[in-house]
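Peer 1: Chains as they are written, first to last, in my numbering: chain A, 1 to 171; chain B, 1001 to 1194. The structure is given below, and queries will be raised subsequently.
Structure follows, in structure tokens:
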């Protein structure tokens, strides 16, 4: 049994033409038993910034609180909005701080930067980031999700099409 | 003026009856008796100039820097006690570096100067410590709004943004001259000439 697989999750984010989409399942399980069907794993951090967190449910919720706190503090101090790439760098720092006792969560960041350009990144539980311009996945069935993305993803899809694609992957 | 502080000027943790902290004011006096520094914010950047007084013919010209880089996008000049200035510069470098490590982008001038000013201010709050006898003028570039800024951080921890500022022995004369100039209408090389 792996701690990262205890509660179960499937998160996916992809980029389209001047847009990003992010989707996640809503199951909360304790190993094989399903305990809730309405568990939030994607959190809105700003008008154009979302973070999806896969892994241990407790850490998912704690990280949501921590990230909101740090982002709010940043925006108060700097008197400006936090850009997606800065948010991603900050998240990476926060995770690495706990290198020898990590948060059991593997996040996915999706947002639009100032020029409306899509931003995607994913990290492992200690903050090693990967930046892509197509899609990122995280959770307990990444194998399946990667397979779907690699075969079906097309770049520069319009907004409506991107969200339909995402929904297709989740089903 | 010198004797009016008697009894209330021994420690930065004591206010005088008229609400002043003498130790901090004395620190500013240390700055005021050192070589002059001038900072000008012009149309396409910031010019920092300092006067380096060589007390002896034995001194190697070019030693003991008073202009330092804090990061790729920020630099500062030190006026006052050079060794105190070193501490401030080192802290400034470390803050800039930490910001880059955490947030992945260069520190905005307001944040860098705020941290440096808070650091200087900290030393005005403890009985076991004395304020820095140095003023730093920080010139920095904000890549977000594409603007240059000039901030002067005094021993008290006060930090203000300036179009033009001066510190040190010749500051009164320098300030008068600066006010006469049209800073927005010149670029860096013209500013340096003035």
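Yeah, the Cβ is synthetic: ideal placement off N, Cα and C, and Gly gets one too.
Which chain A residues sit within Cβ distance under 8 Å of residue 1111 of chain B?
Peer 2: The answer, in chain order, is 77 and 78.
Peer 1: Any idea if residue 149 of chain A is buried or exposed, counting beta-carbon neighbours within 10 angstroms, 16 or more meaning buried?
Peer 2: Result: buried.
Peer 1: Can you grab the Cα-Cα spacing for the pair residue 1101 of chain B / residue 91 of chain A, in whole Å?
Peer 2: If I take the Cα positions, the gap works out to 11 Å.
Peer 1: Where does the unbroken alpha helix (DSSP H) through residue 71 of chain A begin, and where does it stop?
Peer 2: Segment 57-78, the alpha helix (DSSP H) holding residue 71 of chain A.
Peer 1: For residue 98 of chain A and residue 77 of chain A, I'd like the C-alpha separation in whole angstroms.
Peer 2: Roughly 25 Å between the two C-alpha positions.
Peer 1: Please state if the CB of residue 55 of chain A and the CB of residue 22 of chain A are separated by a distance shorter than 8 Å.
Peer 2: No, the pair does not count as a contact, with Cβ atoms beyond the cut-off.
Peer 1: Considering Cα atoms alone, identify which of B/1076, B/1029, B/1057 and B/1104 is closest to residue 1047 of chain B.
Peer 2: Among B/1076, B/1029, B/1057 and B/1104, the Cα nearest to that of residue 1047 of chain B is on B/1076.
Peer 1: Just list the alpha helix (DSSP H) runs in the stretch 1096-1152 of chain B, keeping only unbroken ones of 4 residues or longer that don't cross its boundaries, in chain order.
Peer 2: Correct list: 1109-1122.
Peer 1: Where does residue 1002 of chain B sit, in a helix, a strand or coil, going by DSSP?
Peer 2: Only weak support is given to the placement of residue 1002 of chain B: the predicted model assigns it a pLDDT of 49, under 50, and the question is left unresolved by the model.
Peer 1: Please decide whether residue 41 of chain A counts as near chain D, where near means a Cβ-Cβ distance under 8 Å.
Peer 2: Of the protein chains in this structure, namely A and B, none is chain D.
Peer 1: With burial defined as no fewer than 16 other Cβ atoms inside 10 Å of the residue's Cβ, what is the status of residue 109 of chain A: buried or exposed?
Peer 2: Buried, since its Cβ has 16 or more Cβ neighbours within 10 Å.
Peer 1: What are the boundary residues of the alpha helix (DSSP H) that residue 14 of chain A is part of?
Peer 2: Per DSSP, residue 14 of chain A belongs to no alpha helix (DSSP H); it is in the beta strand (DSSP E), 10-16.
Peer 1: For residue 1138 of chain B, count neighbouring C-beta atoms within 10 Å of its own C-beta (all shown protein chains included) and say buried if the count is 16 or more, exposed if not.
Peer 2: That one is buried.
Peer 1: Between the C-alpha atoms of residue 1070 of chain B and residue 1099 of chain B, what's the straight-line distance to the nearest angstrom?
Peer 2: Whole-angstrom Cα-Cα distance: 12 Å.
Peer 1: Under 8 Å between C-beta atoms, does residue 15 of chain A make it to chain B?
Peer 2: Not an interface residue.
Peer 1: For the stretch 1105-1119 of chain B against the stretch 1083-1096 of chain B, are there 3 or more C-beta pairs whose distance is under 8 Å?
Peer 2: With the cut-off at 8 Å, the stretch 1105-1119 of chain B and the stretch 1083-1096 of chain B touch.
Peer 1: Taking C-beta to C-beta, are residue 1031 of chain B and residue 1134 of chain B nearer than 8 Å?
Peer 2: Their beta carbons are under 8 Å apart, which means residue 1031 of chain B touches residue 1134 of chain B by this criterion.
Peer 1: Run the CB neighbour count on residue 1061 of chain B, radius 10 Å, all protein chains shown included, and call it buried at 16 or more, exposed below.
Peer 2: Result: exposed.
Peer 1: Between residue 1104 of chain B and chain A, is there a C-beta pair that is closer than 8 Å?
Peer 2: By this cut-off, residue 1104 of chain B is an interface position.
Peer 1: Could you tell me whether the Cβ atoms of residue 1140 of chain B and residue 1073 of chain B are closer together than 8 Å?
Peer 2: Cβ distance < 8 Å, so residue 1140 of chain B and residue 1073 of chain B count as in contact.
Peer 1: Name the residues in the stretch 108-126 of chain A whose C-beta lies less than 8 Å from a C-beta of chain B; which are they?
Peer 2: If the cut-off is 8 Å between Cβ atoms, the stretch 108-126 of chain A has nothing near chain B.
Peer 1: Let me know if residue 7 of chain A comes out buried or exposed under the rule of 16 or more other beta-carbons within 10 Å of its beta-carbon.
Peer 2: Per the 10 Å Cβ criterion, buried.
Peer 1: Going by DSSP, name the residue or residues bridged to residue 44 of chain A.
Peer 2: Paired residue(s): A/50.
Peer 1: What residues of chain A sit near residue 1101 of chain B, judged by a beta carbon separation below 8 Å?
Peer 2: What residue 1101 of chain B touches in chain A: 93.
Peer 1: Whose CA, out of A/16, A/103, A/82 and A/101, lies closest to the CA of residue 158 of chain A?
Peer 2: Taking only the C-alpha atoms, the option nearest residue 158 of chain A is A/16.
Peer 1: According to DSSP, what are the bridge partners of residue 1071 of chain B?
Peer 2: Residue 1071 of chain B is bridged to B/1074.
Peer 1: State the DSSP-derived secondary structure class of residue 1156 of chain B, mapped to helix, strand or coil.
Peer 2: The answer is coil: DSSP assigns residue 1156 of chain B none of H, G, I, E or B.
Peer 1: Does residue 1144 of chain B get closer than 8 Å to chain A when you measure Cβ to Cβ?
Peer 2: For residue 1144 of chain B, the answer is yes, since a Cβ of chain A falls inside 8 Å of its Cβ.
Peer 1: Confirm, please, whether the CB-CB distance from residue 121 of chain A to residue 88 of chain A is below 8 Å.
Peer 2: In contact: residue 88 of chain A and residue 121 of chain A (Cβ atoms closer than 8 Å).
Peer 1: The stretch 1151-1165 of chain B: which residues have C-beta closer than 7 Å to a C-beta of chain A, in chain order?
Peer 2: Those residues of the stretch 1151-1165 of chain B that come within reach of chain A (Cβ to Cβ, closer than 7 Å) do not exist; the list is empty.
Peer 1: Look at the alpha carbon of residue 138 of chain A and the alpha carbon of residue 34 of chain A, and state the distance between them as a whole number of angstroms.
Peer 2: The straight-line gap from Cα to Cα measures roughly 20 Å.
Peer 1: Please classify residue 1002 of chain B as buried or exposed, where buried requires at least 16 other C-beta atoms within 10 Å of its C-beta.
Peer 2: Bear in mind that a pLDDT of 49 at residue 1002 of chain B, under 50, signals an unreliable position, so the model cannot answer this.
Peer 1: From the DSSP output, read off the bridge partner residues of residue 131 of chain A.
Peer 2: For residue 131 of chain A, which the question treats as bridged, DSSP gives the partners A/121.
Peer 1: Measure the alpha-carbon distance for residue 1040 of chain B versus residue 1051 of chain B and round it to whole angstroms.
Peer 2: Answer to the nearest angstrom: the Cα atoms are 15 Å apart.
Peer 1: Cβ of residue 71 of chain A less than 8 Å from any chain B Cβ?
Peer 2: Chain B contact via Cβ: absent.
Peer 1: Less than 8 Å separating the beta-carbons of residue 84 of chain A and residue 113 of chain A?
Peer 2: Cβ distance < 8 Å, so residue 84 of chain A and residue 113 of chain A count as in contact.
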